[in-house]
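Beneath this line is the structure, given in C-alpha cells, with notes to follow.
There are 2 protein chains.
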Amino acid sequence: MHAQDTDALHLALVEALGADCVSLDAAVAEAHAGDWSDAPRMRPRMTLLPRTPEDVARALRVLAKHRQAVVVQGGLTGLTGGATPQAGEVALSLARVNAIESFDRIGGTLTVQAGVPLEQLQTFVKAEGWFFPLDLGARGTCQIGGNAATNAGGNRVIRFGTMRELILGLEVALPDGTMLSMMNRVTKNTTGVDLKQLFIGSEGMLGVITRIVLKLEPKPSTANTALCAVASFDDAARLLKYLRARLASLSSFELMWQDFMSAAMDIAHLKAPFGDAYPAYALVETLGESDDDDRRALEQSLERMLEEGIVQDVIIAQTIDHAKQLWAYRETVGELLSKLKPHAAFDIGIPMDRMERLVEDARASLSERFPQQTHLFFGHLGDGNLHLLSGPYADATDLLQVEELIYAAVSKAEGCISAEHGIGVIKGPFLHYSRSEPEIELMKKLKALLDPTGILNAGRVMK
Amino acid sequence: MHAQDTDALHLALVEALGADCVSLDAAVAEAHAGDWSDAPRMRPRMTLLPRTPEDVARALRVLAKHRQAVVVQGGLTGLTGGATPQAGEVALSLARVNAIESFDRIGGTLTVQAGVPLEQLQTFVKAEGWFFPLDLGARGTCQIGGNAATNAGGNRVIRFGTMRELILGLEVALPDGTMLSMMNRVTKNTTGVDLKQLFIGSEGMLGVITRIVLKLEPKPSTANTALCAVASFDDAARLLKYLRARLASLSSFELMWQDFMSAAMDIAHLKAPFGDAYPAYALVETLGESDDDDRRALEQSLERMLEEGIVQDVIIAQTIDHAKQLWAYRETVGELLSKLKPHAAFDIGIPMDRMERLVEDARASLSERFPQQTHLFFGHLGDGNLHLLSGPYADATDLLQVEELIYAAVSKAEGCISAEHGIGVIKGPFLHYSRSEPEIELMKKLKALLDPTGILNAGRVMK
Chain A
1 MHAQDTDALH
11 LALVEALGAD
21 CVSLDAAVAE
31 AHAGDWSDAP
41 RMRPRMTLLP
51 RTPEDVARAL
61 RVLAKHRQAV
71 VVQGGLTGLT
81 GGATPQAGEV
91 ALSLARVNAI
101 ESFDRIGGTL
111 TVQAGVPLEQ
121 LQTFVKAEGW
131 FFPLDLGARG
141 TCQIGGNAAT
151 NAGGNRVIRF
161 GTMRELILGL
171 EVALPDGTML
181 SMMNRVTKNT
191 TGVDLKQLFI
201 GSEGMLGVIT
211 RIVLKLEPKP
221 STANTALCAV
231 ASFDDAARLL
241 KYLRARLASL
251 SSFELMWQDF
261 MSAAMDIAHL
271 KAPFGDAYPA
281 YALVETLGES
291 DDDDRRALEQ
301 SLERMLEEGI
311 VQDVIIAQTI
321 DHAKQLWAYR
331 ETVGELLSKL
341 KPHAAFDIGI
351 PMDRMERLVE
361 DARASLSERF
371 PQQTHLFFGH
381 LGDGNLHLLS
391 GPYADATDLL
401 QVEELIYAAV
411 SKAEGCISAE
421 HGIGVIKGPF
431 LHYSRSEPEI
441 ELMKKLKALL
451 DPTGILNAGR
461 VMK
Chain B
1001 MHAQDTDALH
1011 LALVEALGAD
1021 CVSLDAAVAE
1031 AHAGDWSDAP
1041 RMRPRMTLLP
1051 RTPEDVARAL
1061 RVLAKHRQAV
1071 VVQGGLTGLT
1081 GGATPQAGEV
1091 ALSLARVNAI
1101 ESFDRIGGTL
1111 TVQAGVPLEQ
1121 LQTFVKAEGW
1131 FFPLDLGARG
1141 TCQIGGNAAT
1151 NAGGNRVIRF
1161 GTMRELILGL
1171 EVALPDGTML
1181 SMMNRVTKNT
1191 TGVDLKQLFI
1201 GSEGMLGVIT
1211 RIVLKLEPKP
1221 STANTALCAV
1231 ASFDDAARLL
1241 KYLRARLASL
1251 SSFELMWQDF
1261 MSAAMDIAHL
1271 KAPFGDAYPA
1281 YALVETLGES
1291 DDDDRRALEQ
1301 SLERMLEEGI
1311 VQDVIIAQTI
1321 DHAKQLWAYR
1331 ETVGELLSKL
1341 KPHAAFDIGI
1351 PMDRMERLVE
1361 DARASLSERF
1371 PQQTHLFFGH
1381 LGDGNLHLLS
1391 GPYADATDLL
1401 QVEELIYAAV
1411 SKAEGCISAE
1421 HGIGVIKGPF
1431 LHYSRSEPEI
1441 ELMKKLKALL
1451 DPTGILNAGR
1461 VMK
C-alpha cells in the first residue's frame, strides 16, 4: 500500500475517531503487536484506540470503505495468535472501551463494555455481594470482550458453564459498521434465532463485541478443597459422578496424572502430597455458604469413596493456606510451559468414555517416538477438557508430527482440537480434525454474509 | 397447485422414502394438523413419516426441488401454532425418527433421534442412574427435537438451564437436503462458530433437527419442597437471592401472586395453605442426594428467612404426597386456561429489577380497562419468566388490545415477549417488541442463506 493510501486512511480515521485515538507511533504499535511469543511479532500499520462502542462501529465503517484489514485486540493474553497483527493489518484495541455501565442488584446482571479487565469486574461485583464465576490465570489482563469472543472456560465450568452460559446479551459492531444490539437481560428469551451465539467463541471473525450483559451468581462465602489419590482413570470418573450427584456445590474437578504430578513437584520443589505415589490425583473444590455444612458434606462424601475403595487417600484442606498448597501442584503449568519450550501444548476435549484409552494410547505413542521429551497429562476432567504438554522439540518437523499424531487421535475419539483456547492462527491448519466439510462450508458462508469485504480478523479460525 | 403436480411430487416422495412413509389419507392428515386449538385446523396436503434422519434429508431435497412448502412436526404440543399446517403445506413428522442411539454411561451423554418423546428419554436414563433435568407438562407427548427447536424451559431452569444448555451436539437436515453434522460430545468445544446454536430455539426456520447429543446429570435421589408466604415481590427477590447462595441444590423457585393463588384454590377446590392470605407465595424445590442434610439445610435457611422477616410463613413438605399438595396450586394452570377462554396467555421474560413495577402497572391497567375479566400472575421467578393469564375475551379486538398493552410494557421494561413458548405464528406480529430492526434483518438474511427457496416452516417466527 502506498504512503498516499495510508495518508487517506489515516485522515479518515482521525476524522471519525479524533486524532488522539489513532496512532502511527511505533512504540504504541509494538505494544499492540500481540503476545503470541513464539510467532514473529508484526507491527500493525496503525493502532486504533476508540473510546466508545459507537466509535468502534465508526472505525469499522471507515476501514471497510478503504478495504483495510483489521485485527481486534483485547488484553492480548490469548494462546493461539488470534490477536497478533498479520502483515499490513491495522490493530483495533478495545482497551479504552471499558466502562461498567449498569448493575441490576436485585436480579444479578451486569452491563459492561468489552474492554473491562476480568479481575476488575470480579472485584466490582464481589463488593456488592455478587459473584462472577469465570476465572482464569490471565484475569488481571484479559478483557471480558476477549473472554466472550473466545468462549473462555477455566476451572469452574463444571458448575457454572463456560462464558457462553454467563452471557445474557451482547452488542456487536458488524464489519460494515452496523451496530447490532442484542442486549437481552433475561435468562429465558425464545424469540427467534439467538443471534448473539454467532459471536460468542467465534474469535472476532464475524463482528466486534462492544457491550455485554453478564449473568452473576450470589457470592459464595466459603470454599473447601481436597486432593484425592485414585488408582485409575476409571475410579476418577466414578468419583466425579458421585461428587456431582452428592455435592451440588462442586465447582472444580481437576485431574493430574502421575507424570504431571511428579514434574510439578520437581519444578516447584513441592513435597509429595501422600506417602505413596498414585496413578492420578483429583483436585476437588466446592463453593458454598455454610462452612460447617459444606465441609461436613465433602468429608462424608470422600470418606464413603475411601470406604468403597474408589479413592486411595485423601487430604482435605483445613485452612485457606492449606488449600493454596493443594492448588500449587496444578498451578505449576506456567513454569512447566517455559521449561518444555519449544513445546506442543494441547487443549483438547474428549468424551469421557474415550478419555482413558486416548491418554494411554497417546502416552505410549509419544514415549515410543519421542523418548527424550517430557509428556504431561492433566486437565479439567469435569468438562472432558484434557491438557497435554509435550516438549522440548528443537526440530519444527517433530513438533508438527506430534500435533498431527494427537489431533488425528482426537478426531478418532470424537473429541475437539480446542476446548477453551480457540483456533486463532496456529490451530487453523488442524480445524478439519474437528469440524466437518459442511460445517466449514457454512462458517465460510456466514463470514461472507457478515464480512463481505473480508477485512475483519482475516485468516483467524479459517484460511 | 394442479393434481398433476401433486402426482409428480407424490411419486418423487414415494420414490425417496417408500410408499408407507407418504400419506394422502385424510385421517392421517387430520392427526397431523397440529394442536393449536384456537386456530383453524388446516389439513396438510400430504403427510410424510420418514423412518431415519437420512430420509428426512432426502424428503427435503425432493420438496426443495418441487418448491413445496413444508411444516415440521414433533409431538404437536406447542402453544404458538408453529406446527399447525398452513394452506398448501406438506407435514413432515419426526414421530418415527425415534431411536435412542447411544449412551456414554461414564460421562453421562445420550445420543438420540429427534422423535423420542421427552418422558421416554427421562425414564430410560433414570434406570441407569442418570437424570435428564428438562421437564414440562407435555412430557409424555412432546418430542426432544421439538424441545430443542423451541429451546424448552420448564420448572428447573434456575439450576440446570434451558434446553440450549443441555445440548452438546446436533445433526440438522438443511432445507436443500444437505446433512449438517455437529455431533459434538464434549462440554467445551471452541473451534469456530458454534453452528448448532443457530438451530436451537429458532423453531425449525433454518433446518430440521434430526439427532441430538444430550448432557445428563447424575440422578438425584431426594427432592424437598416448601411453600413460603411473602409480603412483597421485594421479599420474594431477597428470598431467591439468599436461597441461590445458600442452597446449591435449589432447582425450582416458582412465584404465585395472591390473585393466582385464590383462583387456583377456587378451581381445584384446594384448601388455603396458611391461615392468612399473603401478597405472594414462593414454591421452592431442592434436588439432592442426602435426604437428611438437604432437608436440614432447607429448614435452616427458611427459619433464618422467617427470623429476618423476609418470609411470613412456611410449610415444608414432610412426605412426597405432601409435596404434591404444595405443587397442586401451581399445577392448576391447565384448568385455569380452559376456564378463561378465549384468553390472552403471556409467557414473558422481565429483568428482575423491572418485574415488580411491570406486574403492578399491568394489573392496574388491566383491572381498569377490563374489570370484568380475570387477570392472574405467576411464573418461574428464578428465571425472570412471568406468566399472565387474562380472560375471557369474547371480543377479538379486546384480546388484541390486551396483547398490545402487555407487549408494549414488556418492551419498555427491556423484557422479551416469549421466554419459553416461542413465537410460532401467533406471536409473529409482536416480534418487533422484542427484537431490533437490525436483528430481524439479520434473521432474514440467515433464512435466505439456509433456505433460499423458502420452503421450510415459512411464516413461523417472521413473516
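Residue numbers (this note's numbering), protein chains in the order written: chain A, 1 to 463; chain B, 1001 to 1463. C-beta atoms are modelled at their ideal positions from N, C-alpha and C, and glycine is treated no differently.
With a CB to CB cut of under 7 Å and the five nearest residues on each side skipped, what residues in its chain are close to Leu1079 of chain B?
His1421
Between the segment 93-112 of chain A and chain B, which residues of the former have CB atoms less than 8 Å from a CB of the latter, in chain order?
Asp104, Arg105, Ile106, Gly107, Gly108 and Thr109
CA-CA distance, His1269 of chain B and Thr1332 of chain B?
10 Å
So, Arg164 of chain A versus Ile106 of chain A, is the Cβ gap smaller than 8 Å?
no
Quick check: the Cα distance between Ile1209 of chain B and Pro1044 of chain B, rounded to an integer number of angstroms?
Approximately 21 Å between the Cα atoms of the pair.
Using CA coordinates, which residue listed in A:Glu217, A:Met462, A:Glu54 and A:Ile350 is at the minimum distance from Pro133 of chain A?
A:Glu217
Can you tell me where the beta strand (DSSP E) with Glu1254 of chain B in it begins and where it stops?
For Glu1254 of chain B, the enclosing beta strand (DSSP E) stretches over residues Leu1250 to Trp1257.
Which value, in whole angstroms, describes the spacing of the CA atoms of Ser221 of chain A and Ala1069 of chain B?
56 Å
Which term fits His322 of chain A, buried or exposed, when burial requires 16 or more other beta carbons within 10 angstroms of its beta carbon?
exposed
In the DSSP assignment, find the unbroken alpha helix (DSSP H) run with His322 of chain A in it and report its ends.
Under the DSSP assignment, His322 of chain A falls in the alpha helix (DSSP H) whose first and last residues are Ile320 to Arg330.
Closer than 9 Å between beta carbons: that is the criterion. Which residues of the segment 134-157 of chain A meet it against chain B?
Thr150, Asn151, Ala152, Gly153 and Val157
In chain order, what residues of the same chain lie with their CB nearer than 8 Å to the CB of Glu299 of chain A, ignoring the 5 residues before and after it?
Ile316
Within its chain, find whatever has a CB closer than 8 Å to the CB of Asp25 of chain A; leave out the 5 residues flanking it on each side and keep chain order.
Thr47
Between His1421 of chain B and chain A, is any beta-carbon pair separated by less than 8 Å?
yes
Note down the Cα distance separating Leu1247 of chain B from Val1062 of chain B, rounded to an integer number of angstroms.
53 Å
In the DSSP assignment, find the unbroken alpha helix (DSSP H) run with Thr1150 of chain B in it and report its ends.
Per DSSP, Thr1150 of chain B belongs to no alpha helix (DSSP H) and is neither H nor E.
Under the three-state reduction of DSSP, which class applies to Tyr1240 of chain B: helix, strand or coil?
A small fix is needed here, since residue 1240 of chain B is Leu in this sequence, not Tyr. In the structure shown, Leu1240 of chain B sits in a helix (DSSP, three-state: H, G or I).
Quick check: Ala16 of chain A and Arg58 of chain A, are their CB atoms within less than 8 Å of each other?
yes
Please give me, in chain order, every unbroken run of the beta strand (DSSP E) with length at least 3 that falls completely inside the segment 1059-1120 of chain B.
1070-1073, 1090-1093, 1100-1104 and 1109-1113, all fully within the segment 1059-1120 of chain B.
Would Gly204 of chain A count as contacting chain B if we go by Cβ distances under 8 Å?
No, its Cβ sits nowhere closer than 8 Å to a Cβ of chain B.
Between Asp1292 of chain B and chain A, is the shortest Cβ-Cβ distance under 8 Å, so that the two count as touching?
It does not: the Cβ of Asp1292 of chain B has no partner Cβ on chain A nearer than 8 Å.
Is any beta-carbon of chain B found at less than 8 Å from that of Val193 of chain A?
With a threshold of 8 Å between beta carbons, Val193 of chain A makes contact with chain B.
Is it true that the segment 288-305 of chain A meets the segment 233-253 of chain A, where meeting means three or more beta-carbon pairs spaced less than 8 Å apart?
yes
Give a yes or no on whether 8 Å exceeds the smallest Cβ distance from Thr1187 of chain B to chain A.
yes
Enumerate in chain order the residues of its own chain whose CB-to-CB distance from Gly1204 of chain B is below 6 Å, with the five nearest sequence positions on each side excluded.
Val1072, Ala1149 and Asn1457
Suppose contacts are defined by Cβ-Cβ distances below 8 Å. Is Ala1413 of chain B in contact with Pro1342 of chain B by that definition?
no
Run through chain B and tell me which residues come within less than 7 Å of Thr178 of chain A, C-beta to C-beta.
Pro1438
Is there a Cβ of chain A sitting closer than 8 Å to that of Leu1446 of chain B, yes or no?
yes
Between the Cα of Phe253 of chain A and the Cα atoms of A:Met261, A:Arg244, A:Phe260 and A:Asp259, which residue gives the shortest distance?
A:Arg244
Using 8 Å as the Cβ pair cut-off and three pairs as the minimum, do the segment 1120-1138 of chain B and the segment 1276-1283 of chain B touch?
no
Identify each residue in the segment 1222-1235 of chain B for which the Cβ-Cβ distance to at least one residue of chain A is less than 7 Å, and report them in chain order.
none
Please specify which runs of the beta strand (DSSP E), each continuous and at least 3 residues long, are wholly inside the segment 316-401 of chain A, giving them in chain order.
Within the segment 316-401 of chain A, complete beta strand (DSSP E) segments of at least 3 residues are found at 344-349, 374-380 and 385-391, given in chain order.
Apart from the five residues on each side of it in sequence, which residues of its chain come closer than 7 Å, Cβ to Cβ, to Ile1417 of chain B?
Contacts found: Ile1348, Tyr1407, Val1410, Lys1427, Phe1430, Tyr1433 and Ser1434.
Under three-state DSSP, which class holds Leu227 of chain A?
strand
For Ala1345 of chain B, which of B:Leu1376, B:Thr1109 and B:Thr1286 has the nearest alpha-carbon?
Selected option, being the one with the closest Cα: B:Leu1376.
If you measure between the beta carbons of Cys21 of chain A and Leu60 of chain A, is that distance less than 8 Å?
no
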